[in-house]
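For the protein sequence lines, the chains are A and B, in the order given. Using the numbering used here, the first residue of the first sequence is number 31, and each one after it goes up by one. Using the numbering used here, the first residue of the second sequence is number 380, and each one after it goes up by one. First up is the structure itself, then whatever we jot down about it.
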Amino acid sequence: MSDRKLTMSEALREAMSIALDERPEVFILGEDIGIYGGAFGVTGDLYHRYGKERIRDTPISELGIVGTAVGAGLSGMRPIVEIQFSDFTAQAMDQIVNQAAKIHFMVGGGLHVPLVLRTASGSGTGAAAQHSQSLEGWFANVPGLKVVIPSSPYEAKGLLLSAIDDPNPVIFLEHKLLYKVAGSEDVPEGAYRIPLGVSRVVREGKDLTVVATGIMVTRVLAAAAELDKEGINITLIDPRTISPLDMEPVYASLAKTGRLMVVQEAPEHGGFINEVIARVVTGPSLGHLIAPVTRLAGMNVPIPYAPQLEKAAVPQVEDIIKQAREVVVNWR
Amino acid sequence: MMHGTMHLSIGQEASPVGVCMALNLEDQITSTHRGHGHCIAKGADPVRMVAELLGKENGYCGGRGGSMHIADVETGNLGANGIVGGGIPIAVGAALSSQLMKKGTVVISFFGDGAMNEGAFHEAANLASIWKLPVVFICENNGYGMSSSTELAFNLEKLSDRGLGYGIPGITLDGNDVSAVYEATEAAVKRAKSGEGPTLLEFVTYRWKGHSRSDKNLYRTKEEIDEWKTKDPILHFEHVVVERGLLTEADIAQQHRLATEQVIAAVNEAMKGKPADPAGLLDAVFKKVSA
């Protein structure tokens, strides 16, 4: 096969195009997803290929958009919602949290809501506090929602196709710094699916197990390449879906490394990484630990504007290198 | 016998009955926290309704939802809702499904006066109007959002005037006159099904009972409640049909007996159900992914 190094935007668009071809009940709705092609260009030319009924531009109306998708989902359609920035999901929280997440359970299983909510997440673009958050922890705390965070174009395509297949509401958080970056792996042209709820071992190393998602997978990989030169070898595990959360590869890895580091961009307080730590220290891996668990997260601060402030607020490659080196060197 | 909360719609019967008379089985509704009337009028099984109120496995929600979450897919009831205004965008979405899948059905969005001050109403009304969706918005104005009177909560004579801002025709009617409710709904349903878009109907009515169990009726007088009881929609309907010679007093007494027997039978049957079992608590958090 020839090289197919796609960006995450291109990979996501391919997944949606496949789903639109496979299932007549799939349609996309959101703000500026039509002729504009999406705030981050993800829907691109889909409007021209599938028409305005299926690639449905909406007014600026997040609660209405998500609520409409919930109603459409529980009456036969399979909507994909695009919310331009994950921060704007706050406008739609009733429909996400009180409706979509709970309907199947509340009504005793008679109704279900197949719904994918794709949204751009994370900092690094100078968009400041209301356009840069990493809100995965909010959603993971709501029973009934699945939460997916792709870390590469290959992953994004396979995970999005599974999310669209899923009969439950899925929050799909795409890091905006990954949209325009070509992945290192080829992205197959046709359909392939990566199951939700299965963690991926991204690389293996003997000294330290690192758990990270999304953009932090990229940064940990860069850090690991540097640490390899020092003889410090990292295992990197990407859960891919933080709800449901597959911990088995983490436990298996800790049996070999004995050291755990967790990394996230979201603020530390109440973050998803703390769940990983909790499961490790209350679970089968406690006896394997030979070093204190260490965590690296965003500061408990709104994302600031100035580039040096923005960088300082969330983990960078050099922060990961420093903290990983410390835990390995100090706990030989 | 019943441990949880519920919101009674006694005094408001004309709206659910008149509206649902204008619907087919395939037409859908979204309901509210005050949804027992909508549920029965759309054709629900009273045994499963009562079983749900009692927290039984054979209840509509297997005891997971209670009064505020009863849904009945077979009769097109997409569910009551514990969030004021929460069902309105969902109705619009179901209407979008109807339009996209060319079902030829209509969706009724029931809500109260209180919901009209929620953003959900405004966003949903706008989307329904710009896409000309087959949905009818039914505001059951019972005078109070919990304790807030419409006088306190609106600077409007007719809440149906809110339709104007969205390009939606709005009509205010006596919500205790079942014939008027039926005729207005029938016209709005016809309009929706012919692709002309949504209508907003405001039915002015009154709830006899408090908002919920904890209500001490501090915000309204006994005289006001008694006055509205003289406007009982059921009595009103009975007068009309007897006056016109359509039914006799004896026919009406017979209907009362039948209805009472049906309710008693439903309660007795529902009580035989098994209590909801905590062992199955996690079963319906997610729908199982089929292989």
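From the three backbone atoms N, C-alpha and C, an ideal C-beta is built for every residue, glycine too.
Once you ignore the five residues that flank residue i on each side, which residues in its own chain have a CB closer than 7 Å to its CB?
i	result
GLN353(A)	MET291, THR324, LEU326
ALA563(B)	ILE550, LEU552, LEU580
Between the Cα of residue i and those of the options, spot the shortest distance and give me the residue it belongs to.
i	options	result
TRP510(B)	GLU256(A), THR98(A), LYS341(A)	THR98(A)
LEU190(A)	PRO322(A), MET123(A), GLN129(A), TYR222(A)	TYR222(A)
LYS610(B)	MET385(B), MET495(B), GLN391(B)	GLN391(B)
ASP492(B)	HIS501(B), THR484(B), ALA473(B)	HIS501(B)
VAL514(B)	ILE631(B), ALA393(B), ASP406(B), HIS618(B)	ASP406(B)
GLY220(A)	GLU40(A), GLY103(A), GLU44(A)	GLU44(A)
ASN496(B)	ILE469(B), GLY464(B), GLY546(B), LEU660(B)	GLY464(B)
PRO173(A)	GLN160(A), GLY67(A), MET136(A)	MET136(A)
ASN360(A)	ALA120(A), MET329(A), ILE262(A), HIS205(A)	ILE262(A)
LYS653(B)	THR409(B), GLN478(B), GLY441(B), MET385(B)	GLY441(B)
In the DSSP assignment, what are the bridge partners of residue i?
i	result
ARG636(B)	According to DSSP, ARG636(B) bridges with nothing at all.
PHE70(A)	In DSSP, PHE70(A) forms no bridge with anything.
LEU290(A)	THR239(A)
LEU203(A)	THR149(A)
SER528(B)	TYR523(B)
GLN407(B)	VAL486(B)
In angstroms with no decimal places, state the Cα-to-Cα distance between residue i and residue j.
i	j	result
ALA252(A)	LEU165(A)	24 Å
VAL583(B)	GLU530(B)	13 Å
ALA567(B)	TRP607(B)	27 Å
VAL398(B)	LYS132(A)	28 Å
SER593(B)	TYR523(B)	15 Å
GLY300(A)	GLU356(A)	24 Å
ASP605(B)	MET447(B)	27 Å
GLY576(B)	GLN633(B)	41 Å
CYS518(B)	THR411(B)	11 Å
ALA655(B)	GLY138(A)	11 Å
LEU475(B)	LEU512(B)	6 Å
GLY544(B)	GLY498(B)	14 Å
SER116(A)	SER153(A)	11 Å
ARG289(A)	TYR281(A)	11 Å
ARG541(B)	LEU506(B)	15 Å
SER273(A)	VAL241(A)	14 Å
LEU538(B)	PRO144(A)	34 Å
ALA49(A)	ALA186(A)	14 Å
PHE302(A)	THR271(A)	11 Å
THR155(A)	LYS206(A)	8 Å
GLU628(B)	ALA658(B)	52 Å
ASN596(B)	HIS590(B)	8 Å
Please list, in chain order, all residues of the same chain as residue i whose beta carbon is under 6 Å from its beta carbon, the five residues on each side excluded.
i	result
TYR598(B)	SER526
LYS588(B)	LEU387, ILE389
GLU215(A)	TYR184
SER181(A)	GLY244, VAL247, ASP268
LYS210(A)	THR37
PHE616(B)	VAL557
LEU147(A)	VAL111, ILE201
PRO197(A)	HIS142, PRO144
GLY227(A)	THR271, PRO274, ASP276
Name the chain A residues whose beta carbon is nearer than 9 Å to that of residue i?
i	result
VAL398(B)	Chain A residues near VAL398(B): none, gap ~18 Å exceeds 9 Å.
Which residues in chain A sit within 7 Å of residue i, going by Cβ to Cβ distance?
i	result
LYS653(B)	The contacting residues do not exist; LYS653(B) stays about 14 Å from chain A at best.
ALA494(B)	Near ALA494(B) there are no residues of chain A at all, since even the closest Cβ is about 12 Å away, more than 7 Å.
LYS572(B)	Residues of chain A passing the Cβ test: none, with the nearest at roughly 16 Å.
CYS440(B)	MET136, VAL137, GLY138
ARG443(B)	PHE135, MET136, GLY138
VAL668(B)	ASP196, PRO197
GLU502(B)	SER91, LEU93, GLY94
GLN407(B)	SER105
Please go through the same chain and pick out, in chain order, the residues whose beta-carbon is closer than 8 Å to the beta-carbon of residue i, but skip the five residues on each side of it.
i	result
GLU602(B)	none
GLN346(A)	ARG249
ALA285(A)	SER315, HIS318
ALA423(B)	TYR439, ILE449, ASP451, THR454, ASN456
ALA212(A)	LYS35, LEU36, THR37, PRO183
Check the Cβ of residue i against every Cβ in chain B and list those closer than 9 Å, keeping chain order.
i	result
GLY317(A)	Those within 9 Å of GLY317(A) in chain B number zero; the least Cβ separation is about 28 Å.
ASN128(A)	ASN460, GLY461, ILE462, GLY465
LEU275(A)	In chain order: nothing, as chain B lies at least about 14 Å away.
LEU141(A)	ALA450, VAL452, LEU457, GLY458
Name the chain A residues that come within less than 8 Å of residue i, Cβ to Cβ?
i	result
SER476(B)	GLY101, ALA102, SER105, GLY106, MET107
GLY498(B)	LEU93
Going along chain B, which residues have a C-beta under 7 Å from residue i?
i	result
GLN125(A)	PRO468
THR98(A)	PRO468, VAL471, GLY472, LEU475, LEU506
For residue i, return the contacting residues in chain B, with the cut-off set at a CB-CB distance below 8 Å.
i	result
PRO173(A)	VAL664
THR88(A)	LEU506
PHE57(A)	LEU479
GLU83(A)	LEU479
What I want to know is whether the C-beta of residue i ends up closer than 7 Å to one or more non-hydrogen atoms of the ligand FAD.
i	result
TYR523(B)	Among the ligands in the structure shown, none appear at all, so the ligand FAD cannot be discussed.
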